[in-house]
Structure formats: C-alpha cells, structure tokens
Amino acid sequence: MMDDLLIKYIVGEASVAERNEVEDWIGSDPANRQAYERLHTIWQHGKTPDAATAPDVDAAWKRFAARRAEELAYHAPMTIRKNNSWKRFAAAAAVLLIVFSGALWYFNSGTVYRTKALAEVLTLPDQSTITLNKNSRLSYARSFNRKDRVVTLEGEGFFDVAKNPKKPFIIHVKDIDVRVVGTSFNIRSTNDLTEVAVESGIVKVMGKGQTYTLRVGDKVTFKKGVPQAAVEQIQNQLYQYYRTNMFVCEGTPLPELIQGLSDAYGVAIDIQNPLLEQQHLTSKYPRTDSIEPILQKVALTLNARLIRQAKGYILK
C-alpha cells in the first residue's frame, strides 16, 4: 500500500482494482483505518475552502505536508512506502477543483434581458417566445433546456411556451412559481400583486402554500397582504395591449380600463363621478404615444369632462 494510492482513493482517481485494494487494507486492521482517516482529515483540511477562488496548488501542498509532518510526530508512521508521485495527485485534485468551480460558475451564470420604454419579443433556446413588456426583466441560466427550463421574471411578460413534456417550463416570479409544459399565458407582477392569465393549455401556479390549476380563460391574482389568492374568469383583454397595441374593451367597466391605461402609461387618472364608475365600455382604442387621445375618446363617449393636471388626469 502506497501513499499515492491512498491519495488516489481519496480524490476519486483510483481504479476499481485499486479501490478494492485500499478498502481491503483499511478493513484488515483497525490501525490501518485510523491511519487512513488521519490522512483523509489532513487532506480535507489542506484544501482551499473557497470554491469561488482558484486553488493555489503549491500552497495547498505545503499545508498538507505540514499537517502530515505534525501527525507523524505524534503517531507511528504507517507501514507504507513513501513516494513523491502523490504530489502529482494533489495537483490533479486541485486542477479538478478549479475545473469544477469554473464549470459551476459557467452553468449558474446565464442570460439576462431587460426592457426599458418598449416591449420586446424574445426567442429562447427551446424556441419558446416571450413578449417582455416595458421596464421588465427576464433571466435564465446557461444550463437552460439541458435538464430543465427555468426562468425568472420581474415585471410583465406573455409566454408562448414550446411543448416538451420531458422538460417542464418553470417561471419564478417573486415568491410564486408557474409550471407549464406547452401553453400560452400572461404574467404581470407589480409591487402589490402578481397575476397569471391563461390563453391556452393548462398552467399550475404555486404560491402562498397552495397550488392552483388554471385552464383557458382562468386568471389567478395574488395580492400583497391577502392570504388567499383569487381565481376567476378573465373579464377583458386589456392585458394584451403591449402585444397588440390595442386596448380592447368588451363590456369592460370604466374603472378597469382606467387602471389598465394608468399602468400602461404610468399616469395617475382619477374618476370623480360615482355615475361614471358604473359605466361599461365596448370599444377598441389604438395605443398611441400619449394617453390623452384615448381619454378624450372615452370622455366623449360617456359625455364626461376630461381635466388635465400636472400629476395626471381627472374624469368627471
């Protein structure tokens, strides 16, 4: 039994025959097992502890040699032949650690998309397409589509997921997970809520300790501070505006349209007439560079007055 054979065994470089030889030697005498365990402990303590930092082979070897010398001063030496070739295995182990650390960093790093004033259409490596709304962020690891398909979303995006039953598509958004195989749906996340609306297929949404199964036309909304999510039917198509450049109302309550316009343009709009809040609209409003033309049409339709202020608009 040689020192370098024990080191090969410790770092996982030993062949099947060599492993059997080491294990037979360890099991043949309690003193051998103690000697092996001391050697293993010395080796573990001598490695560089920070996997994010490239190991210093020479420094690691010096630490190992010093600890080994200390141990030999207090314990009878093992009846094994000394051989400097074990340093080669120490270097090999350090190189393996470098390669492993680099690979871990490579696969955990990934791609990040960010949008600013305009929405963008993205095509992922699995051929899924995502329309990412303005001021949103999507990221995924380099390992995407190898064993799984996992992305993280901040903001809003419409997902048209390529079907692959062997690799479910998972979206992390805040503390909620959305899991699908092949389907299309919209996710909107703000400071106060996260909303998932399904256009095709089946979507499983996990959040607040519950799992919700959504089908075509279903929508689930998680509100901040509310313990239970609300599942309901999609009442309007307003959420599609950043894909279609059209605000579509089909018997849509005015407050819902106003909220959608406020979110889309980032403008405060206040309804100061209780009768207006009860009105419903069926119309299509093309998305323009400014919100004012749309509000003017809404005011004209409802015989209301539009007042422009420094911080937004008032309908009354």
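The sequence shown lines up with residues 10 to 325 when you count with the working numbering. In this text, a Cβ means the ideal position worked out from N, Cα and C, and glycines have one as well. Owing to the predicted nature of the structure, the values given are computational and were not obtained by experimental measurement.
Nearest by alpha-carbon distance to residue 319: which of 292, 306, 277, 269 is it?
Per the Cα distances, 277.
Use the C-beta contact count for residue 316: other C-beta atoms within 10 angstroms, 16 or more gives buried, fewer gives exposed.
It counts as exposed.
Below 8 Å, how does it come out for the stretch 180-193 and the stretch 160-168: are there three or more Cβ pairs, yes or no?
As far as the Cβ criterion goes, the stretch 180-193 touches the stretch 160-168, which means the pair count is three or higher.
Around the C-beta of residue 312, are 16 or more other C-beta atoms found within 10 angstroms, so that it is buried, or is it exposed?
Exposed, since its Cβ has fewer than 16 Cβ neighbours within 10 Å.
At which residue ranges does the stretch 161-191 contain complete beta strand (DSSP E) runs of 3 or more residues, listed in the order of the chain?
For the stretch 161-191, whole beta strand (DSSP E) runs of length 3 or above, ordered along the chain, are 165-169, 178-182, 185-189.
Hey, how far is the Cα of residue 266 from the Cα of residue 324?
Going by the C-alpha atoms only, they are around 13 Å apart.
Name the residue from 247, 231, 253, 204 whose alpha carbon lies nearest to the alpha carbon of residue 140.
Of the candidates 247, 231, 253, 204, the one whose C-alpha sits nearest the C-alpha of residue 140 is 253.
Sorry if obvious, but does the Cβ on residue 148 come closer than 7 Å to a heavy atom of the ligand MN?
Because no ligand of any kind appears in the structure shown, any question about the ligand MN cannot be addressed here.
Would residue 42 and residue 35 be called neighbours here (beta carbons separated by less than 8 Å)?
Closer than 8 Å, so yes.
Name the two residues that bound the continuous beta strand (DSSP E) containing residue 219.
Looking at the DSSP string, the run of the beta strand (DSSP E) that includes residue 219 is 219-223.
Just how far apart, CA to CA, sit residue 150 and residue 281?
If I take the Cα positions, the gap works out to 48 Å.
Below 8 Å between beta carbons: does that hold for residue 257 and residue 244?
No; because the gap between Cβ atoms is not below 8 Å, this pair is not in contact.
Looking at the unbroken beta strand (DSSP E) that takes in residue 273, where does it start and where does it end?
No beta strand (DSSP E) holds residue 273; the alpha helix (DSSP H) holding it covers 263-274.
Which class does residue 232 belong to by DSSP, given the choice of helix, strand or coil?
Three-state result, residue 232: strand.
State the Cα-Cα distance for the pair residue 187 and residue 214, rounded to the nearest angstrom.
In a straight line, the C-alpha of residue 187 is about 5 Å away from that of residue 214.
Mind checking who residue 213 pairs with in its DSSP beta bridge?
According to DSSP, residue 213 bridges with 188, 222.
Around the C-beta of residue 18, are 16 or more other C-beta atoms found within 10 angstroms, so that it is buried, or is it exposed?
Residue 18 should be labelled buried.
Within 10 angstroms of its Cβ, does residue 158 collect 16 or more other Cβ (buried), or is it exposed?
Buried: at least 16 other Cβ atoms inside 10 Å.
Residue 132 lies in the beta strand (DSSP E); which residues open and close that run?
Here the beta strand (DSSP E) through residue 132 covers 129-132.
Mind checking residue 154: buried by the 16 CB within 10 Å criterion, or exposed?
So residue 154 counts as buried.
Distance check for residue 246 and residue 119, CA to CA, integer angstroms please.
Whole-angstrom Cα-Cα distance: 33 Å.
For residue 167 and residue 144, which I take to be in contact (beta-carbon distance under 8 Å), what is that distance rounded to the nearest angstrom?
About 15 Å; that fails the 8 Å criterion.
For residue 141, report the span of its beta strand (DSSP E) as first-last.
Run containing residue 141: 138-141, per the beta strand (DSSP E) assignment.
So is residue 208 buried or exposed if we call it buried at 16+ other beta carbons inside 10 Å?
The residue in question, residue 208, is buried, as its Cβ has 16 or more Cβ neighbours within 10 Å.
Helix, strand or coil, according to DSSP, for residue 292 in the structure here?
Strand at residue 292.
Could you tell me the boundaries of the alpha helix (DSSP H) in which residue 37 lies?
From DSSP, the alpha helix (DSSP H) with residue 37 extends over 25-37.
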